[in-house]
Amino acid sequence: SQQGEEDPQALSIQEGENATMNCSYKTSINNLQWYRQNSGRGLVHLILIRSNEREKHSGRLRVTLDTSKKSSSLLITASRAADTASYFCATDETVISNFGNEKLTFGTGTRLTIIP
Amino acid sequence: DGGITQSPKYLFRKEGQNVTLSCEQNLNHDAMYWYRQDPGQGLRLIYYSQIVNDFQKGDIAEGYSVSREKKESFPLTVTSAQKNPTAFYLCASSRRGGLGTEAFFGQGTRLTVV
Chain A
181 SQQGEEDPQA LSIQEGENAT MNCSYKTSIN NLQWYRQNSG RGLVHLILIR SNEREKHSGR
241 LRVTLDTSKK SSSLLITASR AADTASYFCA TDETVISNFG NEKLTFGTGT RLTIIP
Chain F
2 DGGITQSPKY LFRKEGQNVT LSCEQNLNHD AMYWYRQDPG QGLRLIYYSQ IVNDFQKGDI
62 AEGYSVSREK KESFPLTVTS AQKNPTAFYL CASSRRGGLG TEAFFGQGTR LTVV
């Protein structure tokens, strides 16, 4: 089963506008990460936010985390055509039943299209 | 040049055959992961390993097998028991640690059953 569910599934905006994607998850987590995937390629890490943090910035990216609602959002400001990609949230949880093994589980993704 | 390498990039298999996908990393990472991605879908966890000679089933392990005999290598075998193996397979690695670290991905192997 998918741990995370992104919303919306697809988003198209004009270049220069801001893009917001949301992620909801089900279990307690150590941290939440956001990744980007260009079509047919591997994923690239964007940003990590720990479970005791509420907001984090990196360049044009802003991530928030609300552990009480089990949700996170990714904001990309001043979007560019090169931001066109799929974006995934991933949760890192410790699986107690597996002797503390850490399990990295991905959501369903948001497909972002930036219109020049 | 540090990184994680998957091979081959494209793989064709006849029905009823087993096939092994390679994943090698030189990042000295303890943790390695295999994911399956279907068109327009998210990543689903097949198997993961936190240490040599140990691995755990993910959410969709049926029809797959793995080994972790070396830290650098985590091959995935797609067996004939996997009913719908055509998909994009991604391997990843990361450092272990309770605070979590980023995962590094290979470029993927696209498997097609013919």
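Protein sequences appear in the order of chains A and F. For the first sequence, our numbering assigns the number 181 to the initial residue and increments by one for each residue that follows. For the second sequence, our numbering assigns the number 2 to the initial residue and increments by one for each residue that follows. Think of the CB as a built atom: it goes at the ideal place given N, C-alpha and C, for glycine as much as any other residue. In this text, all values refer to a predicted model and were calculated from it rather than measured experimentally.
query, result
"Residues, ordered as in the chain, of the stretch 217-248 of chain A that lie near chain F by beta-carbon distance below 8 angstroms", "G220, R221, G222, L223, V224, H225, L228 and R230"
"Neighbourhood of S8 (chain F) by C-beta distance below 6 angstroms, restricted to the same chain and skipping five residues each side", "S23"
"Cβ shell of N211 (chain A) (< 7 angstroms), same chain only, five flanking positions each side left out", "L228, I229, R230, S231 and D272"
"Test: Y48 (chain F) CB closer than 8 angstroms to a CB of chain A", "no"
"Whole-angstrom distance between S219 (chain A) and Q38 (chain F), CA atom to CA atom", "12 angstroms"
"Whether Q57 (chain F) touches Y48 (chain F) by CB criterion (8 angstroms)", "yes"
"Whole runs of the beta strand (DSSP E) within the stretch 181-205 of chain A, excluding any shorter than 3 residues", "185-187, 190-194 and 199-204"
"Nearest-angstrom Cα separation, counted from S81 (chain F) out to L226 (chain A)", "36 angstroms"
"Chain-order list of residues whose beta-carbon lies under 6 angstroms from that of S181 (chain A) (same chain, five-residue window excluded)", "Low confidence applies to S181 (chain A): its pLDDT is 46, below 50, so where it sits in the model is not reliable, and the reading given next is rough at best. Nothing listed; no residue qualifies."
"Chain A contact residues for L91 (chain F), given Cβ-Cβ distances below 8 angstroms", "G222 and L223"
"Within 8 angstroms, strictly: CB atoms of G162 (chain A) and F286 (chain A)", "Chain A is shown only over 181 to 296; residue 162 (chain A) falls outside these bounds and no answer can be derived."
"Boundaries of the beta strand (DSSP E) in which I52 (chain F) is found, first to last residue", "L44 to I52"
"Contacts that K283 (chain A) makes with chain F (C-beta to C-beta distance below 8 angstroms)", "L46, Y49, Q57 and G59"
"Beta carbon of R1 (chain F) nearer than 8 angstroms to that of S95 (chain F)", "Any question about residue 1 (chain F) goes unanswered here, given that chain F covers just 2 to 115."
"Beta-carbon neighbours of A104 (chain F), restricted to chain A and to distances below 7 angstroms", "H225 and L284"
"I5 (chain F) beta carbon less than 8 angstroms from that of F89 (chain F)", "no"
"Inter-residue spacing [alpha-carbon to alpha-carbon] between K236 (chain A) and T110 (chain F)", "33 angstroms"
"Limits of the unbroken beta strand (DSSP E) element including H225 (chain A)", "L223 to R230"
"Selection from F:P86, F:A104, F:Q83 and F:K84 that minimises the alpha carbon distance to C92 (chain F)", "F:A104"
"Contact with chain F by T288 (chain A), beta-carbon distance below 8 angstroms", "yes"
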